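*Asks:* Below you will find the structure I want to go over with you.
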Amino acid sequence: MAACFGRMVRRILLLWAALFSFPGSWCFSDLFFVKEPVDVIVYRKDSAMLDCLAQGEPPITITWLKNGAKISVNERISTLHNGSLYIQEAEGRKGEQSDEGFYQCLALNKYGAILSQKAHLSLATLSVFEEQPVSIKLQEGGMARFSCKITANPQAVITWELNRTALPLAMDRSTVLSKGVLQIYDITKKDAGNYRCIATNLSNRRKSTEATLTVLSATQEEPFQMPVIIAPPQNTTAHVHQTVTLECMARGNPKPLVSWSRLDQKPIDVFNTRVVGNGNLVISDVKLQHAGVYICRATIPGTRNFTVAMANVIVLAPPSFIERPDSLTRPRAGTARFLCQAEGIPTPKITWLKNGRKMHSNGRTKMYSSKLVINQIIPEDDAVYQCNAENSQGSVMSRARLTVVMSEDRPSAPRNLRAETMSSSAIILSWERPLYNSEKVIAYSVHYMKAEGLNNEEYQVVIGNDTNHYIIDDLEPASNYTFYIVAYMPMGASQMSDHVTQNTLEDVPLRAPEISLTSRSPTDVLISWLPISLKFRRGKIILYRLSFRMSTESSVQVLELPGTTHEYFLEGLKSDSIYLVRIAAATNVGWGESSVWTSHRTPKASSIRAPRSPELRLDPLNCTTIAVRWQQDPEDTATIQGYKLYYKEEGRQESGPILLDVKDFDYSIGGLVPRRKYHVRLLAYNNMDEGYQADQTVSTPICVSVPDRMVPPPPPPHHLYAKANSSSSIYLYWGRPAFSSGEAVNYTVRCNPVGLQNASLVLYLQTSEPHILVQDLEANTKYEFAVRLHVDQLSSPWSPVVYHSTLPEAPSSPPVGVKVTLIEENTALVSWKPPDGLELAVTRYTILYACRKDWAAGHWQVMHRDGAITMALLENLLLGNIYLVKISASNEVGDGPFSNSVELNVQPKETVRSSMKSKQLNSANSQDYFYHLDQKSMTGIVVGVCIALTCILICGLILIYRSKARKASIAKIAQQEMNGIPHSATLISHETQERKTMHQLEGNADPLIPTVQVNHYLDTKGGSDLVINEYGPIEKKNTKKKWLFFKDTAKDRTGQSKGRIVKSSCLYRPGTTVLRGEDGSPTSPGHPGTFQMRHSIAADTEHSGGSEESHETSDSGRYSHESTDEIHLCSIISTSLPTPDSFNVQECEKDPVLSKHGKPPSVCS
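Residue numbering for the sequence shown follows my numbering, starting at 310 and increasing by one per position.
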């Protein structure tokens, strides 16, 4: 028994759980009205009470609204404890003190708020009579009719009096209709008298004036008369449950019979319909099915003679619900849909309330004709929603609750949302990831909408979780937008991020103003125009540009006017001439497209007294009709016989004239094509001449066949392709999408560097062709391109973006530091530095040189050098000529400009030597091989000399401690030199003596091997004896320098008159190159000047000898002194320090390079 009881309890609990978890089920936390306010009519100064009782979880707060605004409680108006509103003394129509209006009560608890239906409070009134009975005279047997009309609240009851005695409502020969009509049939003498009507309601009682009925005696029988309806039925509008009276009073001879039928052939409701009097139709408790057209037919009995009259009955009904919204439970980031349908006449308007406040389609919330959709549900959407259906007959409310289910591990909202304007249609958004549970984010949704106005549609874009920025590029120019971001995870969505608002930049106007042209005299034209609509303005108009010319001339005159100007008066024109006028508007961004030329003919000079031009105004009535309205100048004294109207579609033939009467001031032009521009001209005329014409242009709008129907945009262009044309231009072409419209299309091309953050660099180009050359781009820069299509005032989305880079730029500047130095009588050295600021490496230099004579004839000699070489030799120059030299740099893209020409004066050798001697005598101008030394160079030389002196001192200390055997060997060698025995002829036969000599040479390795100075270059080919450092060539002194190895200084001083000692030494090692250097100065080996002897590295020999071009031009870029003295020194330079065993005395081979230049090589043994 206990087990059965437990199972029963569990089933009951499960049943209750299912009941309360079912969406839309009732629960005790719901808030609803038990009693709502209703319409009330009160007398002025009487008290009034409006009831309101709500039930739900307490506490419940009641607030009253009047006409949508909160009522302030005072001594006269108060809220009772049960929530009812009490008005102590109702005020009448006295402005703000009036208590008349629509009242609602708002009930609020912790779950939300609900608003009651509207209740109308009005004061009882009774106006004066709008229509009163009129006296009449009739013959006996006729029909009399009296009527009166009055407005009252509530509706007044109308009764009649005869001679101030009340008439009974029911008589055999009379009928009293509720709308204030008294009908009397077959009148007699007794019916004569004074009649009046009395109107009575709760407010007052009014009596009309009296009308006299005079009854005349019948003289003879009346002849046959066709039936005539003297009081036909009137179109009537009634509310449901009211009574409708359709009057139909006919006369004829014989007396006609009255019958009723419906135009739609439907049977007349016999249960709620009756005929009163001699043919009046009364419908009681009117319903919607009673609406329709009713026909009253008066027929002569026994004949086919009849007449008819019709009236339309319109039945108005308050709203009633067909479908009510249900309560919903939805998770966060889900979607809720509430359905609500109502019927009524007129069709009720559906509005939605959230916690008693009216909602708008703005953002995530979208309202349609019968439903409310909430996307991306957030906790703030948990509320009570009401559907309000309202029309002129009343309103009804229905409520539903949305419960939002929360998830505990949802991510927090994205942070630090920022928006930056990129262009007139693009804004870039950036944000930071959520602070909590950001690793669970799988996507972001970007929401944006217009910030101004109501019922703005919210757009949403879903992107991946691998980015924190997004570019929205389909916005309207010069508009404010609001943005927010939501993060998504598998279980739901985060809260919304903070909202940010950002505006797009202005753009050029999309359309030119519509202009109107009129003439006030034969020599002037007044040009006027209307402001461009906000949709096509795309910013603030700052300038207008007027262009005009005569049709027979090609020269155009242009005027620029401020943006606040809307007319301009042209004077001094030719009469009876056609002038063409067009206009363009500009924003801060630039000029929009100009309008088409509008023609206007100035009046003839003889038309001084012709009618003036009318003031013309054009208004589109719909997409195919234009309303033409005009007004003639009131000061015009000329006679007008009529008007002539002409119109034409842009680019088509003109239609007209349409002749209009002088009394006509409007005309409708129909059958036009939608979305077209039309030119309309109007002029007045008379018998003498045609008047001045007025010209104006207007555009027909878009046709939308179904209300609220969104015209789909055209598809975007496809197959967008980009190809670099140069360093500053890229060629784009694309395919036109396939759609049925045969209209002309235009394209907008968007171009900007990749990663652009500066909106001023976004480029927008317009074209009507499916290709365009985008110019004025930056060299070697990656750009992104997109294209959109425009047709019939619709724009497609942007096409997919393509990326392409411009080509690198050719050198924009010439080489710098060009110097030309004459190194021999017919040879010059030209040096230079690469161009400044070059991004791409130089691949080639071009040297042009010519004497003045050839230069005047345009004949240049051309020489090319590799991009890594910055010097060249100019050979075979003619003495006594002045040469001009200029250089240009080239890279993979193209050639750069040439430098300025540098002059070189080629003088004879004697002239050169004398000038060089004069320079040596002047110690102040002596530069010691350097033609240019700056402060840094002097510092380097001083430091180098100090280092050299230190090395010499160390070497001297080492030599002091050498062995006596080495000293003896040195003395023996010195003795041989003094005896005049050539060192080259000495034969060493003993191996020990040879080794001693090698030890002696090793000890003097420093004096024997010349030192290398930094940044000096030697030509191992022997093409020149010029030494070049980093600043240029070093001038060579005339005096010869010689190396005297181990020469006794005393004997040197006493033996100067003797012949010069010729010594030749050849030290050879396989795999190395023989280099030759000489020095003609008498400086001793121990002097610092000894270390100025130049030498080259063995590795350079391979470069010089292996370059074919260097052999041909005798220019490898490196030079050495050419041997011309009697003393020759052959030294072996190894890549490593030579050892004593690496030196062997043997015969030197001939130098092929020296042989090539025609100089005998030295032979050493």
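Every residue, glycine too, gets a C-beta built ideally from N, C-alpha and C. Given the structure is predicted, the values throughout are model-derived calculations rather than measurements.
Taking K957 as part of the beta strand (DSSP E), name the residues at either end of that continuous run.
*Replies:* The residue labelled residue 957 in the question sits at position 648 within the sequence shown. Per DSSP, K957 belongs to the beta strand (DSSP E) from 951-958.
*Asks:* Tell whether a beta-carbon distance below 7 Å holds between L424 and Q413.
*Replies:* What you label residue 424 is simply residue 115 of the sequence shown in a count that begins at 1. What you label residue 413 is simply residue 104 of the sequence shown in a count that begins at 1. It is a contact, given that the beta carbons lie within the stated cut-off.
*Asks:* What are the start and end residues of the alpha helix (DSSP H) that includes L843?
*Replies:* For the purposes of this step, residue 843 is taken as residue 534 along the sequence shown, with counting starting at 1. Its alpha helix (DSSP H) spans residues 843-846.
*Asks:* Using only the alpha-carbon positions, how far apart do G1064 and K427 sit?
*Replies:* Taking the first residue of the sequence shown as position 1, residue 1064 is located at position 755. Taking the first residue of the sequence shown as position 1, residue 427 is located at position 118. Distance between the alpha carbons of G1064 and K427 is about 57 Å.
*Asks:* Just the C-alpha distance for N897 and E815, rounded to the nearest angstrom, thanks.
*Replies:* As a position in the sequence shown, residue 897 is number 588, starting the count at 1. As a position in the sequence shown, residue 815 is number 506, starting the count at 1. Here the alpha carbon of N897 sits roughly 7 Å from the alpha carbon of E815.
*Asks:* Which whole runs of the beta strand (DSSP E) in the segment 622-703 are 3 residues long or more, in chain order?
*Replies:* 637-640, 645-648, 650-654, 658-663, 674-676, 680-683, 692-700
*Asks:* Taking the runs of the beta strand (DSSP E) that are 3 residues or longer, which of them lie wholly in the segment 549-609?
*Replies:* Here the runs fully enclosed are 553-555, 558-562, 566-571, 582-585, 589-592, 601-608.
*Asks:* Consult DSSP for W335 and reduce its assignment to one of helix, strand or coil.
*Replies:* Reading the sequence shown from its first residue, position 26 is the one you call residue 335. Only weak support exists for where W335 lies, its pLDDT of 39 falling under 50; the coordinates are left without a value.
*Asks:* Going straight from the alpha carbon of R613 to that of L648, what length do you get?
*Replies:* Against the sequence shown, residue 613 aligns to sequence position 304. Against the sequence shown, residue 648 aligns to sequence position 339. Their backbone Cα atoms lie some 57 Å apart in a straight line.
*Asks:* Tell me which residue opens and which closes the beta strand (DSSP E) that K344 is part of.
*Replies:* Counting from one through the sequence shown, the residue named residue 344 turns up at place 35. It spans 341-344 - the beta strand (DSSP E) in which K344 sits, taken as one unbroken run.
*Asks:* What three-state label does DSSP hand S1451 in the structure shown?
*Replies:* In the sequence shown, counting from the first residue as 1, residue 1451 sits at position 1142. Low confidence applies here, because S1451 scores a pLDDT of 38, under 50, leaving its location unreliable; read the following figure in that light. Correct three-state label for S1451: helix.
*Asks:* Quick check on the DSSP output: the beta strand (DSSP E) that includes K759 runs from which residue to which?
*Replies:* For the purposes of this step, residue 759 is taken as residue 450 along the sequence shown, with counting starting at 1. That run of the beta strand (DSSP E) goes 752-759.
*Asks:* Determine the burial state of Q1002: buried for a count of at least 16 other Cβ atoms within 10 Å of its Cβ, exposed for fewer.
*Replies:* Position 693 of the sequence shown, counted from the start, is the residue given in the question as residue 1002. Buried: at least 16 other Cβ atoms inside 10 Å.
*Asks:* In terms of alpha-carbon separation, which member of Y955, V591, D573, E531 lies closest to Q551?
*Replies:* On the sequence shown, position 242 is the one that residue 551 refers to. The shortest Cα separation from Q551 among Y955, V591, D573, E531 belongs to V591.
*Asks:* Please name the residue or residues paired with N503 in a DSSP beta bridge.
*Replies:* Taking the sequence shown and counting its residues from 1, the one referred to as residue 503 is at position 194. Answer by DSSP bridge pairing, in chain order: T521.
*Asks:* State the Cα-Cα distance for the pair S734 and N746, rounded to the nearest angstrom.
*Replies:* The residue given as residue 734 occupies position 425 in the sequence shown. The residue given as residue 746 occupies position 437 in the sequence shown. When rounded, the distance between both Cα atoms is 34 Å.
*Asks:* Secondary structure at Y496, three-state DSSP: helix, strand or coil?
*Replies:* Residue 496 sits at position 187 when you count from the first residue of the sequence shown. The displayed chain sequence assigns Ile, not Tyr, to residue 496. DSSP places I496 in the coil class of the three-state scheme, outside both helix and strand.
*Asks:* Do A1119 and V1129 have their CB atoms nearer than 7 Å?
*Replies:* Residue 1119 sits at position 810 when you count from the first residue of the sequence shown. Residue 1129 sits at position 820 when you count from the first residue of the sequence shown. It is not a contact, given that the beta carbons lie outside the stated cut-off.
*Asks:* Could you give the distance in angstroms between the alpha-carbon of S568 and the alpha-carbon of I539?
*Replies:* Within the sequence shown, the letter at position 259 stands for residue 568. Within the sequence shown, the letter at position 230 stands for residue 539. Rounded to whole angstroms, S568 to I539 spans 15 Å at the Cα level.
*Asks:* Here's the rule I'm using: 16 or more other beta-carbon atoms within 10 Å means buried, otherwise exposed. How should K419 be labelled?
*Replies:* Here residue 419 corresponds to residue number 110 of the sequence shown, with the count starting at 1. With fewer than 16 neighbouring CB atoms inside 10 Å of its own CB, K419 falls in the exposed class.
*Asks:* Please classify F1094: is it buried, with 16 or more other beta-carbons within 10 angstroms of its beta-carbon, or exposed?
*Replies:* Against the sequence shown, residue 1094 aligns to sequence position 785. That one is buried.
*Asks:* For Y955, collect the residues of the same chain with a Cβ closer than 8 Å to its Cβ; drop the 5 residues on either side in sequence, then sort them by chain order.
*Replies:* Here the question's residue 955 lines up with position 646 in the sequence shown. Excluding sequence neighbours, Y955 sits near E963, S964, G965, P966, I967, V989, R990, L991.
*Asks:* Assuming S1208 contacts P1123 (C-beta within less than 8 Å), just tell me the rounded distance between them.
*Replies:* Taking the sequence shown and counting its residues from 1, one reaches residue 1208 at position 899. Taking the sequence shown and counting its residues from 1, one reaches residue 1123 at position 814. That pair is a contact at about 4 Å.
*Asks:* Considering only residues of the segment 371-425, which uninterrupted alpha helix (DSSP H) runs meet the minimum length of 4 residues and lie entirely inside it, listed in chain order?
*Replies:* none
*Asks:* Do you know offhand how far F857's Cα is from V867's?
*Replies:* Looking up residue 857 in the sequence shown gives position 548. Looking up residue 867 in the sequence shown gives position 558. Each residue's alpha carbon lies about 7 Å from the other.
*Asks:* Could you check how far apart the C-beta atoms of S977 and L930 are, in whole angstroms? I think they sit under 8 Å.
*Replies:* Locating residue 977 in the sequence shown gives position 668, counting from the first residue. Locating residue 930 in the sequence shown gives position 621, counting from the first residue. About 7 Å; that satisfies the 8 Å criterion.
*Asks:* Please check the pair L744 and F792, which I expect to be a contact at CB under 8 Å, by giving their CB distance rounded to whole angstroms.
*Replies:* For the purposes of this step, residue 744 is identified with residue 435 of the sequence shown, where counting begins at 1. For the purposes of this step, residue 792 is identified with residue 483 of the sequence shown, where counting begins at 1. Their Cβ separation, rounded to whole angstroms, is 20 Å, which puts L744 and F792 out of contact at 8 Å.
*Asks:* List the endpoints of the continuous alpha helix (DSSP H) containing K1479.
*Replies:* A query on residue 1479 cannot be resolved here, the shown segment of the chain reaching from 310 to 1474 and no further.
*Asks:* Taking the straight line between their C-alpha atoms, what separation do you get for V1251 and L1147?
*Replies:* The residue given as residue 1251 occupies position 942 in the sequence shown. The residue given as residue 1147 occupies position 838 in the sequence shown. Between the C-alpha atoms of V1251 and L1147 there is a straight-line separation of about 35 Å.
*Asks:* For S860, count neighbouring C-beta atoms within 10 Å of its own C-beta (all shown protein chains included) and say buried if the count is 16 or more, exposed if not.
*Replies:* On the sequence shown, residue 860 is found 551 positions in, with the first residue counted as 1. Counting other Cβ atoms within 10 Å of its Cβ, S860 stays below 16 and is therefore classed as exposed.
*Asks:* Using a 10 Å radius around the Cβ and a threshold of 16 neighbouring Cβ atoms, would you call V1323 buried or exposed?
*Replies:* Counting from one through the sequence shown, the residue named residue 1323 turns up at place 1014. In this predicted model, V1323 has a pLDDT of only 39, less than 50, meaning its place in the structure is not dependable enough to derive any value.
*Asks:* Tell me whether G1312 sits in a helix, a strand or coil according to DSSP, three-state version.
*Replies:* Along the sequence shown, read from residue 1 onward, the residue named residue 1312 stands at position 1003. In this prediction, G1312 scores a pLDDT of 42, lower than 50, which makes its location untrustworthy; no coordinate-derived value is stated.
*Asks:* Can you give, in chain order, each stretch of the alpha helix (DSSP H) that sits fully within the segment 455-484 and has at least 4 residues?
*Replies:* none
*Asks:* Excluding sequence positions up to five away, which residues of its chain have a Cβ less than 7 Å from the Cβ of A312?
*Replies:* For the purposes of this step, residue 312 is identified with residue 3 of the sequence shown, where counting begins at 1. Summary for A312: the model assigns pLDDT 47, below 50, so the residue's position carries little reliability, and this model does not support an answer.
*Asks:* Nearest to D807 by CA position, among L855, E785, A728, is which residue?
*Replies:* Here residue 807 refers to the residue found at position 498 of the sequence shown. Answer by Cα proximity: A728.
*Asks:* Is it right to say S517 is buried, meaning 16 or more other beta carbons lie within 10 angstroms of its own, or is it exposed?
*Replies:* By 1-based counting over the sequence shown, the position of residue 517 is 208. Answer is buried; the Cβ neighbour count reaches 16.
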